[in-house]
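Going down the list, the protein sequences come from chains A and B. Mind the numbering: the first sequence is residues 5 to 18 in the working numbering, read in order. Mind the numbering: the second sequence is residues 619 to 853 in the working numbering, read in order. The C-beta atom is built at its ideal place from N, Cα and C for all residues, glycine as well.
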Amino acid sequence: DVDQLKIEQYYKFN
Amino acid sequence: MFEARLNASNVLKKVLDAIKDLLNEATFDCSDSGIQLQAMDNSHVSLVSLSLRSDGFDKYRCDRNLSMGMNLANMAKIMKCANNDDTLTMKAQDNADTVTFMFESQNQEKVSDYEMKLMNLDQEHLGIPETDYACVVRMPAMEFARICRDLSQFGESVVISCTKEGVKFSASGDAGSANIKLAQTSTIDKEDESVIIEMQEPVTLTFACRYLNSFTKATPLCNQVQLSMSADVPL
Chain A
5 DVDQLKIEQY YKFN
Chain B
619 MFEARLNASN VLKKVLDAIK DLLNEATFDC SDSGIQLQAM DNSHVSLVSL SLRSDGFDKY
679 RCDRNLSMGM NLANMAKIMK CANNDDTLTM KAQDNADTVT FMFESQNQEK VSDYEMKLMN
739 LDQEHLGIPE TDYACVVRMP AMEFARICRD LSQFGESVVI SCTKEGVKFS ASGDAGSANI
799 KLAQTSTIDK EDESVIIEMQ EPVTLTFACR YLNSFTKATP LCNQVQLSMS ADVPL
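This is the structure in structure tokens:
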């Protein structure tokens, strides 16, 4: 799921 | 040696209630400054970020940094055994594979302890990035929980529209549609009951009811909730 990946990246690249 | 005491077990019960539906297991990172927990929920679409500062405990000691992976369902079983006003002490030795929860009744006549096995969980370094949000709404937490609950009856998602004048929550589905508008409070007599909006630019965003309802499990922790919103950024 693209949205899910986007969300994970958002939190990982803090 | 790690030891953290709360004069009322209720505090940790509320914290656990706020996260246990989102996470099956989580790592509690204990350091001198307190306990941190950060984890994506089971579906990997929301982040739980929790900080319990050492000065919030009635006694706190952490000689060496310690990561305690816990199964939250098992932790909930243990916390259920405590009365709300029992004193709670969490204890673990350095490099231990168990954590102990001790509950003491107010009159000291009942003391119980429960030991739980710790788990080795994959650690991810996550966090909520510093963001300048387009709208920040502060409102009574109970009111927000009520709105999420009410609107969930009408659809699977809630649209939140925020302008300088107020914030509107909407849902629609087969049964019809629902709109709830909250105006910004004109005078702040009672801070806990006020609705305050800081707006850079208006936003309209859609969120899944399922997650909003999960987040509102944290309602008993605070009188007010803050909703920070920007386009294309998680709430």
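Taking only the alpha-carbon atoms, compute the straight-line gap between B/Ser779 and B/Val663 and give it to the nearest angstrom.
-> 21 Å
Tell me the DSSP bridge mates of B/Gln842?
-> B/Pro758
How would you call A/Gln8, buried or exposed, if buried means at least 16 neighbouring beta carbons within 10 angstroms?
-> exposed
Continuous beta strand (DSSP E) stretch holding B/Asp731: start and end | Val729 to Lys735
Work out the CA separation of B/Phe719 and B/Ser730 for me, nearest whole Å.
-> 8 Å
Cβ of B/Pro758 less than 8 Å from any chain A Cβ?
-> no
State the DSSP-derived secondary structure class of B/Leu744, mapped to helix, strand or coil.
-> coil
Could you confirm whether any beta carbon from chain A is found closer than 8 Å to the beta carbon of B/Met658?
-> yes
Simplified DSSP assignment, three categories, for B/Ser795 = strand
So, helix, strand or coil for B/Gly773, using DSSP?
-> coil
N- and C-terminal bounds of the alpha helix (DSSP H) containing B/Lys631 = Asn628 to Ile637
For B/Lys709, which residues does DSSP report across the bridge?
-> B/Glu621 and B/Thr718
What whole-angstrom Cβ distance do B/Val717 and B/Leu736 have, given they're in contact under 8 Å?
-> 6 Å
Classify A/Lys16 as helix, strand or coil using the three-state DSSP reduction.
-> helix
When B/Pro852, B/Ala763, B/Glu816 and B/Ile653 are compared against B/Ile746, the one with the closest alpha-carbon = B/Pro852
If you draw a straight line from the alpha carbon of B/Pro758 to that of B/Ser812, how long is it in whole angstroms?
-> 7 Å
Outcome for B/Thr805 when other beta-carbon atoms lying within 10 angstroms are tallied against a minimum of 16 | exposed
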